[in-house]
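Participant:
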Ligand SMILES: Nc1ncnc2c1ncn2[C@@H]1O[C@H](COP(=O)(O)OP(=O)(O)OP(=O)(O)O)[C@@H](O)[C@H]1O
Ligand SMILES: [Mg+2]
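Chains as they are written, first to last, in our numbering: chain A, 10 to 310; chain B, 60 to 433.
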């Protein structure tokens, strides 16, 4: 291993050393170009980030300052206490635990179930596999709102209203996009690997568990992040199915700041930022997989 | 203790392609069978049907008298080595080798013992903690072999296990596999399209073409007595020479070249009505000799040929020339300094020549009674 790296390093050095003189000229040109690039990208980023800044600044203002006109760009008085007040305004501890519970279950369900289904579509030949897969894919074309009411009726007939079942159980039945994404990944694993394991005596379940799961880790990370994001930020689901305040999630909890008459913008923004924080942290750690998933979605890869 | 039997086995793909037709084979315990044939002739398909990775379209397959057609691969107690090794990339060498044992619920210390034994046998002791990515091609191949031997399976299948290795390593691994088989005596079926591998390793060779068995026999048997022109041409390198011609008055006449046929061969050719008929003669390059003295040339059954190309292969020299309008290769001693363009006398060792039916390509053999007498 080390030898290989050494050799590569040496090669690179030689390449640099043997670069012709006119490269100097190109070098300065490149620097200029990259500077322009940087400025443009920075400007774009600032533009995109401006709503976030608006959230942060609002969350630190007093209600009076929020209402002033013209609006202030940054708070005159930094009310860090807003965050504590926000958290205490409602049983946010309970909401956080509820949200974490739901999200974890959804993530576990999505990762395991979709992976298992995708393994079947990719590696287990059976009659009608192609057609079945096409049907699964076609469900991606159905807008979620079309199934909203039938789903509500179904869950209410099951007496699942005001429980977490409607929010969690569907994750254990697979989702077309995740199945598609994981299947694509499984297709890159050579069949011989599966066949070798079969001959060694492993069942399909065992092969999936000991070979499929570890080899599809990057794709599983993508699924985990997407499903985390979906469950964490879900507002409509909890709104529809949860009545009992003890069962509320963070997203529902934020509604306390939106009164009939007026909205407490500073607290709402502080709450939103707190709720957003885990998602942002997660994104920073797993950026790579996020982008991978988006690439696949748009057929970029 | 394992004897395998394939009876009238067929494989059809999508009802149109017939990859294997009427495959019949009995393998005795401890045999090393090599399946050879050109690309696409159905070798892998046969192996995969035996392993249970491919369904048998029709026919029967037995291991030790038990019908196996519908037995899933995991219950067949077979080990298989794949062309591209098929090692689990996320597992260490040890775990790769231990995988099958773990599934079969062996005890930990027993697994360790078995894997270490196999590793020692294959010289992998120092690599047990590595991942496949950090191994060379030859080492990976050894791990794949190791993975199959730890389980002590009834039947050992190998599908072109050496084709990804360079010539030298292939030579080395070939000897190693042969050694391994001598030690373990596991019934084995080995697929290759390299006829040298087939000749050197096999206890019996099966030559296939277009899904049909052409001949089954020991290496010596298929080399010395090819069943038809295909086998004659496929086994042996350089390939057997084939000449189209006619038999007239105990002579084989190709274009304007006359070659005397020994009386014993002539007897059964005549008996089977080939006298005066068109047929194909086959003779291996090493059975064509170079004559030196002119007098000698006059005495024996010789032909004057102009050498087109002279190729030194090391121990031998290959002389390319023409017999009338048909190409001919002779394999002679390397020290004979024959150069291209030279005219030399060549003679055929007709005792080693074969005659084939021109239409069917099947070798014309002495009839049963004749064999008994001879
Ligand atoms: N899954 C399949 N579907 C359709 N046809 C197939 C399939 N597998 C193999 N075949 C066909 O069956 C024939 C035999 O294939 P096979 O792989 O057994 O050849 P082979 O002798 O192993 O060749 P090679 O030396 O190239 O590996 C080929 O014509 C091939 O195209
Ligand atoms: Mg093959």
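For glycine and all other residues, C-beta sits at the position ideal for the given N, C-alpha and C.
Determine, using beta carbons only, whether residue 63 of chain B and residue 214 of chain B come nearer to each other than 9 Å.
Facilitator: It is a contact, given that the beta carbons lie within the stated cut-off.
Participant: Between B:156, B:106, B:83, B:382, which lies nearest to residue 315 of chain B when the distance is taken from Cα to Cα?
Facilitator: Taking only the C-alpha atoms, the option nearest residue 315 of chain B is B:382.
Participant: So, using beta-carbon positions, are residue 240 of chain A and residue 111 of chain A closer together than 9 Å?
Facilitator: Yes; because the gap between Cβ atoms is below 9 Å, this pair is in contact.
Participant: Quick one: is residue 236 of chain A near chain B, going by C-beta distance under 9 Å?
Facilitator: No - not a single Cβ of chain B is within 9 Å of the one on residue 236 of chain A.
Participant: From B:93, B:233, B:416, pick the residue whose C-alpha is nearest to that of residue 331 of chain B; which is it?
Facilitator: Out of B:93, B:233, B:416, B:416 has the C-alpha closest to the C-alpha of residue 331 of chain B.
Participant: Just the C-alpha distance for residue 327 of chain B and residue 385 of chain B, rounded to the nearest angstrom, thanks.
Facilitator: Computed Cα separation, rounded: 26 Å.
Participant: Could you have a look at residue 250 of chain A and say whether DSSP puts it in helix, strand or coil?
Facilitator: Residue state, collapsed to three classes: helix.
Participant: Is residue 186 of chain A close to ligand 1? I mean its beta-carbon at under 8 Å from any heavy atom of the ligand.
Facilitator: The answer is no for residue 186 of chain A.
Participant: With a threshold of 8 Å (Cβ to nearest heavy atom), would residue 103 of chain B be considered close to ligand 2?
Facilitator: True, at least one ligand heavy atom lies under 8 Å from that Cβ.
Participant: If we cut at 9 Å on Cβ distances, does residue 183 of chain B have a partner in chain A?
Facilitator: No, because no Cβ of chain A sits closer than 9 Å to the Cβ of residue 183 of chain B.
Participant: Applying the 10 Å Cβ sphere with the 16-neighbour rule, what's the burial state of residue 196 of chain A?
Facilitator: Residue 196 of chain A is exposed by the Cβ-count criterion.
Participant: Which residue comes first and which comes last in the beta strand (DSSP E) that contains residue 317 of chain B?
Facilitator: 316-319 is the extent of the beta strand (DSSP E) around residue 317 of chain B.
Participant: Would a check of beta-carbon distances place residue 142 of chain B closer than 9 Å to chain A?
Facilitator: With 9 Å as the cut-off, residue 142 of chain B counts as an interface residue toward chain A.
Participant: According to the Cβ coordinates, are residue 248 of chain B and residue 366 of chain B closer than 9 Å?
Facilitator: Contact: no.
Participant: Counting contacts by CB-CB distance shorter than 9 Å, is residue 84 of chain A in contact with chain B?
Facilitator: Chain B contact via Cβ: absent.
Participant: Report all residues from its chain with a CB closer than 8 Å to the CB of residue 321 of chain B; omit the five preceding and five following residues, and keep chain order.
Facilitator: Taken in chain order, the residues that qualify are 409, 410.
Participant: Kindly give me the distance between the Cβ atoms of residue 189 of chain B and residue 246 of chain B, rounded to whole angstroms, as I take these residues to be in contact under 8 Å.
Facilitator: Their Cβ separation, rounded to whole angstroms, is 31 Å, which puts residue 189 of chain B and residue 246 of chain B out of contact at 8 Å.
Participant: Quick check on this structure: which residue in A:120, A:49, A:167 has the alpha carbon closest to the alpha carbon of residue 185 of chain A?
Facilitator: Comparing Cα positions, the closest option is A:120.
Participant: Comparing C-alpha positions only, which one of B:311, B:313, B:102 sits nearest to residue 252 of chain B?
Facilitator: The option with the nearest alpha carbon to residue 252 of chain B is B:102.
Participant: Under three-state DSSP, which class holds residue 240 of chain B?
Facilitator: Helix.
Participant: May I have the straight-line CA-CA distance separating residue 433 of chain B from residue 206 of chain B, to the nearest angstrom?
Facilitator: In this predicted model, residue 433 of chain B has a pLDDT of only 36, less than 50, meaning its place in the structure is not dependable; the value taken from the coordinates is given anyway. Approximately 50 Å, taken between the alpha carbons.
Participant: Just the Cα atoms here: how many angstroms apart are residue 222 of chain B and residue 168 of chain B?
Facilitator: Looking at the two C-alpha atoms, the distance is approximately 35 Å.
Participant: Hey, does residue 138 of chain A have any beta-carbon neighbour from chain B nearer than 9 Å?
Facilitator: Not closer than 9 Å to any Cβ of chain B, the Cβ of residue 138 of chain A fails to qualify, so no.
Participant: Given a threshold of 16 other Cβ atoms within 10 Å of its Cβ, counted over all protein chains shown, does residue 154 of chain A qualify as buried or as exposed?
Facilitator: Burial call: exposed.
Participant: Does DSSP put residue 149 of chain B in a helix, in a strand, or in coil?
Facilitator: Here residue 149 of chain B sits in coil by DSSP.
Participant: If the criterion is Cβ atoms closer than 9 Å, does the pair residue 123 of chain A and residue 221 of chain A meet it?
Facilitator: In this structure, residue 221 of chain A does not lie closer than 9 Å to residue 123 of chain A by Cβ.
Participant: Apply the 10 Å Cβ neighbour rule to residue 226 of chain B and answer buried if 16 or more other Cβ atoms are within range, or exposed otherwise.
Facilitator: By the 10 Å Cβ count, residue 226 of chain B comes out exposed.
Participant: So residue 245 of chain B is in the beta strand (DSSP E); what residue range does that whole segment cover?
Facilitator: No beta strand (DSSP E) contains residue 245 of chain B, which DSSP labels as neither H nor E.
Participant: If you measure from the CB of residue 219 of chain B, is any heavy atom of ligand 4 nearer than 8 Å?
Facilitator: Of the ligands this structure carries, namely ligand 1 and ligand 2, none is ligand 4.
Participant: Considering only the beta carbon of each residue, do residue 266 of chain A and residue 260 of chain A sit closer than 9 Å?
Facilitator: No, Cβ-Cβ distance for residue 266 of chain A and residue 260 of chain A is not below 9 Å.
Participant: Can you find a CB in chain B that lies within less than 9 Å of the CB of residue 127 of chain A?
Facilitator: So, not an interface residue.
Participant: Is the separation between the beta-carbon of residue 280 of chain B and that of residue 100 of chain B shorter than 9 Å?
Facilitator: Not closer than 9 Å, so no.
Participant: Residues of chain A with a CB under 7 Å from the CB of residue 132 of chain B: which are they?
Facilitator: The answer, in chain order, is 207, 208.
Participant: Counting only Cβ pairs nearer than 7 Å, list the residues of chain B close to residue 220 of chain A.
Facilitator: Within chain B, the residues near residue 220 of chain A are 147.
Participant: Quick check on the DSSP output: what are the complete alpha helix (DSSP H) runs of length 4 or more inside the segment 250-278 of chain B, in order along the chain?
Facilitator: As far as the segment 250-278 of chain B is concerned, its whole alpha helix (DSSP H) runs of at least 4 residues are 254-260.
Participant: Is residue 159 of chain B close to chain A? Criterion is C-beta to C-beta, closer than 9 Å.
Facilitator: Closer than 9 Å: yes.
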